[in-house]
Amino acid sequence: SSSSMKKKPRHHEQLKQRQIQDNNNNGFTSLSFTKPSPTPILIGKQTNHRTKLEALDSVITDLETSAQKGIRISEPEIFASLLETCYTLRAIDHGVRVHRLIPAYLMRDNLGVSSKLVRLYASCGYAQVAHEVFDRMSKRVSSAFAWNSLISGYAESGQYEDAMALYFQMAEEGVKPDRFTFPRVLKACGGIGSIQIGEAIHRDLVKEGFGDDVYVLNALVDMYAKCG
1 SSSSMKKKPR
11 HHEQLKQRQI
21 QDNNNNGFTS
31 LSFTKPSPTP
41 ILIGKQTNHR
51 TKLEALDSVI
61 TDLETSAQKG
71 IRISEPEIFA
81 SLLETCYTLR
91 AIDHGVRVHR
101 LIPAYLMRDN
111 LGVSSKLVRL
121 YASCGYAQVA
131 HEVFDRMSKR
141 VSSAFAWNSL
151 ISGYAESGQY
161 EDAMALYFQM
171 AEEGVKPDRF
181 TFPRVLKACG
191 GIGSIQIGEA
201 IHRDLVKEGF
211 GDDVYVLNAL
221 VDMYAKCG
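If you read the sequence shown in UniProt numbering, its first letter stands for residue 1, the second for the next number, and so on.
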C-alpha cells in the first residue's frame, strides 16, 4: 500500500550495498543456454504465491550456482522473465539476487531487462535505487516504460517533486508520454497541489491526443479535486 511507502525504507543503504556493481564480468566466462534447468516457465505453472516463490528461489539458486562455477547466463529473456515474476510476487530480495546476476552490458543496453528492474525497485519503494539503474540505461529515450515506472515509484512514495522533475526531463529528452504517463504525473501534481502545473499538464495531454482517454480523464478529475 502507498502508506507503507511514505518513508524511505530503513534498509535502503543495505540494499544499495547488496546491489550488483558494474564490473567487466572479470573471472566469468559467458555461456548461452537455450533453456536453463529448471526453466523460469515452470514458475508460471505453480498455483499459489508460496509455491511460485519457492520455484523462483530454485531457479535463481541454480543460476547463482552456475555463476559461482564461472558460467554466466546471458539471455535477456531469462532475466526479463525472472524480474517479471519478482514484480508480480513483490519479491524484492529475489529481485536483488537476479540483479547481481545480470551482466553489466545487458543492464546498460537491453531496454526490456533494465526497464523491468527499474519497475521492480520503484514499485517496492526503492525509487532512488531504481533511479540509479535508470541513469545507466543507454536506450531509455526509446520508450516511456521505465520513465513511467520511476514516476510512479516517486508518486506512490510521496516524492511528488521528484516525479514532476522526471516528467519535465522526459520532455527535454524527447520521450513521448503515453496513456500511462499522465495519470502518474497527475497524481504527483495533485500531491503538490499546484493548479498552474496541473493546467500545464492538462494542455500537454490534450496536445498528445489523450484528451478523451477515460483512464487519463479520471486522473485529471482527481487532480483538479485535490488542487481545488
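By construction, the Cβ of each residue, glycine as well, lies at the ideal position given by its N, Cα and C atoms.
Asked                                                                                                                                                    : Found
Just the Cα atoms here: how many angstroms apart are GLY158 and VAL118?                                                                                  : 18 angstroms
Return the CA-CA distance between SER138 and ARG108, expressed in angstroms with no decimal places.                                                      : 6 angstroms
Return the Cβ separation of ALA163 and ALA188 in integer angstroms, given the expectation that the two are a contact with Cβ distance under 8 angstroms. : 4 angstroms
Is ARG50 helix, strand or coil when you go by DSSP?                                                                                                      : helix
Going straight from the alpha carbon of GLY193 to that of GLY209, what length do you get?                                                                : 24 angstroms
Under 7 angstroms between the Cβ atoms of GLY95 and ALA122?                                                                                              : no
Thinking just about the alpha-carbon of each residue, which of ALA165, ASP222, GLY191, ARG100 is nearest to the one in VAL133?                           : ARG100
Tell me the rounded alpha-carbon separation between GLU84 and PHE182.                                                                                    : 23 angstroms
Could you tell me the distance, in whole angstroms, from the CA atom of VAL175 to the CA atom of PHE79?                                                  : 25 angstroms
Which of helix, strand or coil does DSSP assign to ILE71?                                                                                                : strand
Look at the alpha carbon of LEU186 and the alpha carbon of LEU220, and state the distance between them as a whole number of angstroms.                   : 6 angstroms
ASP212 by DSSP, collapsed to three states: which one?                                                                                                    : coil
In the DSSP assignment, find the unbroken alpha helix (DSSP H) run with SER115 in it and report its ends.                                                : 111-123
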